[in-house]
Amino acid sequence: AVSIATAAVWPGGGAGFSLTGTNTPIGLWEAGGIPRLSHHEFQGRVSVGDGTTNQESHATAVASVLNAAGLYTVIYPVGVTNPQAAKGMSYVAPVISNNSSNDVSEMASQVATNGFRISNHSYSVRCGWQWIGFAWAWFGHSNISQTVDWKFGAYTAEAYGIDTNVYAARTYLPVWTPGNSGSEGPPVQPTNHYYFPPGSETGYLVTGVTRSIDGDSGGYDSLHPQGCAKNVLTVGNVSNLVAGYTGPGSVRLGPQTPFGPTDDGRLKPDIVAPGTDIIMAGSAADNNFILGSGTSFAAPAISGSINLLNQLRNTLHPSARPWLASTMKGLVIHTADEAGDHPGPDYRFGWGLMNTRRAAELVRNNATNGWKSFIKEIFLPDGESIEIPVPFAAGQTGRFTIVWTDTAGAPQTNAVIDSPTPRLVNDLDLRVISPSGTTNFPYVLNPDLTNQSAVTRAAGATTGDDSRNNVEQVVITNTVAGTYLVRITHKGTLSGGGQWVTWAMSGGQAQERPPLVISQPVVTASNKLAFSWPSVVGQLYQVQYRNDVEGPGWSNWDGEISAIRTNTAVEVDMDGPDGRRFYRVIEVE
């Protein structure tokens, strides 16, 4: 909580938010069972959604990172007193737990039933090498390769199913672990180990066979498949920052945390959080605690913290529609602390270390300064572009981020190692044009899918055209005074006729909402006229009509309009009696 500035938004945390997670439920799916419901730290706030009854340690630990009350003091390390040692990020939030065996179908149904905005998934399919307590085991597919597990970095049917769910739900974001396979494997080979054929729970002993350490050179391409889904937030593991974030060098990778890229060259993980030497509730007794490490425990730190942001949203905008999944994901990415050897994203730390306080401050600024000046949800119609003018003072750092929930890509049905087939469907582009006309491009990384060079993959991000990821970010240092123009376009044809996209900005000046005044109508045909009004990009508007000012209420003319420019125009008809009809425009949200 200190490492990712979540403690700062708790009551008494100093940031002025007092967020606890109250009334914001979190979904939890676990492979081994459910948490120990009677554990004192849960205070009855953990329930079961799918009837699973077997309680186990991993689920209990993960749930405690989400919502443990922090009742107990634990002595760890030796001689060190840790009050509220297991306090969860959303320590008042309800958690609804499920077994992962039917996760994709349950996610869809429980989003509808329980109104989940966020869920945590600290499990994945088994890949490559794994220590099973008494020996090494290998979970590859020996008919495909005796040395390399094809599943690393693959966009499988599991990833496809998850992306399909998120695209359909729109306002629901799963947070996923990418496994713990970074450079994992026996230190000496060949070694006696067990081989588990695909789909089998029974392994058999293998001798005299040498297999590759998990991942490519340098530990890259070691992500488990669910973490390769486009629309989830994938979390890597770093060590605790006891004194909080003090710079990129203070963020250190945890053991066996996996690296990207995916097989098609996308950036994963998206974000990192501490998952090393975490004190958590255990399942042995109602006051039992354990120590654990891995991405399993980094992921719920992110899930629980996003849940606090949802609580803040509900407080600031109690009648507003829920955020899009891309907005929750975009807030985390946009406000993250820099990590790694170079500015910008990389395949080890993703976009950096989550900073809950900075994300909450951006949400608050967006609500109180101007109107949707810093966070926008915009529908981009096929064949159109979005244009957002943003005024800047001199000497600022401008940061612009877009994130969109993409249509699921074609899943990899054949077990082929390192399939480079692109999985991005709707390819959006972010450009920021300076007052002098210079075009600023987003960060891009070189996945080096051909040579798989660790040196190339470790290199700093450059800028250019990104045709792989559904996240793009432009950073401009030392801005000049004037108005920058943000332009969002797309390549090809947009699946679904258009794409919802989230845009976030930092460094620029808030803008006042213009008065909603309709321009003088202009006749465009014998029974048509057009009018326009000054609009806030990302604001939803509804044109309404009535045939008589003394008649019944207003009716909607066509659907809602998501403004894509600072002036919005419509063409309407005049089919009312006597060729007369009254129109108005209202803000929907």
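So our numbering is basically just the index in the sequence shown, starting at one, shifted up by 652.
Every residue, glycine too, gets a C-beta built ideally from N, C-alpha and C.
Here DSSP, grouped into helix, strand and coil, assigns Val984 to helix.
For the alpha helix (DSSP H) assignment, the uninterrupted runs of no fewer than 4 residues enclosed by the stretch 946-1003 are, from N- to C-terminal side, 947-968, 977-986.
Annotation: the continuous alpha helix (DSSP H) that includes Tyr819 extends over 809-821. Given a length threshold of 3 residues, each whole run of the beta strand (DSSP E) inside the stretch 1068-1125 is given here in chain order: 1080-1085.
Note: Tyr1136 is bridge-paired with Val1042 in the DSSP secondary-structure output. Per DSSP, Gln762 is not a residue of any beta strand (DSSP E); the alpha helix (DSSP H) it occupies stretches across 755-766. Of the residues Ala811, Ala1111, Asn1208, the one whose Cα lies closest to the Cα of Gln1064 is Ala811. Around the beta-carbon of Lys1180, fewer than 16 other beta-carbon atoms lie within 10 Å, marking it exposed. Under the criterion of beta carbons closer than 8 Å, Ile985 and Trp1155 do not qualify as touching, at roughly 12 Å. Nearest to Ala715 by alpha-carbon distance, out of Arg1236, Ser948, Val1132, Leu1192, is Ser948.
Remark: C-beta atoms of Val747 and Arg697 approach each other more closely than 8 Å. Per DSSP, the beta bridge partners of Pro826 are Ser771. Scanning the stretch 832-913 from its first residue to its last, the whole beta strand (DSSP E) runs of 3-plus residues come out as 845-847, 856-858, 885-890. Where Asn719 is concerned, there is no enclosing beta strand (DSSP E), although the alpha helix (DSSP H) around it starts and stops at 709-719.
Looking at Leu1032, Val1222, Phe1044, Val1175, the one whose alpha-carbon comes closest to that of Tyr1197 is Val1222.
Under the three-pair Cβ rule at 8 Å, the stretch 1030-1042 does not count as touching the stretch 993-1010. Per the coordinates, the alpha-carbon of Val1224 lies some 15 Å from the alpha-carbon of Trp1206. Close CB contacts of Phe848 within its chain, under the 8 Å cut and outside five residues either way in sequence, are with Arg778, Ala789, Trp790, Phe791, Thr854, Gly855 (chain order). The residue among Thr1091, Val756, Gly805, Asn1017 with its C-alpha nearest the C-alpha of Asp916 is Gly805. Under DSSP, Thr1141 shares a beta bridge with Asp1081.
The residue among Gly1159, Asp998, Thr1059 with its C-alpha nearest the C-alpha of Thr1145 is Thr1059. DSSP places Phe1052 within a strand segment (E or B) once states are collapsed to three.
The beta carbon of Thr1114 sits closer than 7 Å to those of Val1096, all from its chain and outside the five residues before and after it, given in chain order. Cβ atoms of Trp1056 and Trp1152 come within 8 Å of each other, at about 7 Å. Excluding sequence positions up to five before and after Thr658, its CB lies within less than 6 Å of the CB of Met741, Ser957, Thr1008, all in the same chain and listed in chain order. Sixteen is the threshold: when 16 or more other Cβ atoms of the shown chains lie within 10 Å of the Cβ of Tyr897, as they do, the residue is buried.
Cβ-Cβ distances below 6 Å link Asn1121 to Arg918, Leu919 in the same chain, with the five nearest sequence neighbours on each side left out; the list follows chain order. Just measuring C-alpha positions, the residue of Ser852, Asn1092, Val818 sitting nearest Met759 is Val818. Look at Ala1062 here: in three-state DSSP terms it is coil, with no helix or strand label. In terms of Cβ geometry, Gln878 and Ile814 form a close pair [threshold 8 Å].
Thr1049 and Ala1133 have their C-alpha atoms roughly 12 Å apart. Contact annotation: the stretch 762-769 touches the stretch 666-683, with at least three C-beta pairs closer than 8 Å. Counting other Cβ atoms within 10 Å of its Cβ, Ser833 reaches 16 or more and is therefore classed as buried.
For Phe1052, the number of other beta carbons within 10 angstroms of its own is at least 16, and it is reported as buried.
Taking a cut-off of 8 Å for Cβ pairs, the stretch 828-846 and the stretch 868-888 touch, as three or more such pairs fall below it. Asn939 carries a coil assignment under DSSP once its states are collapsed to helix, strand and coil.
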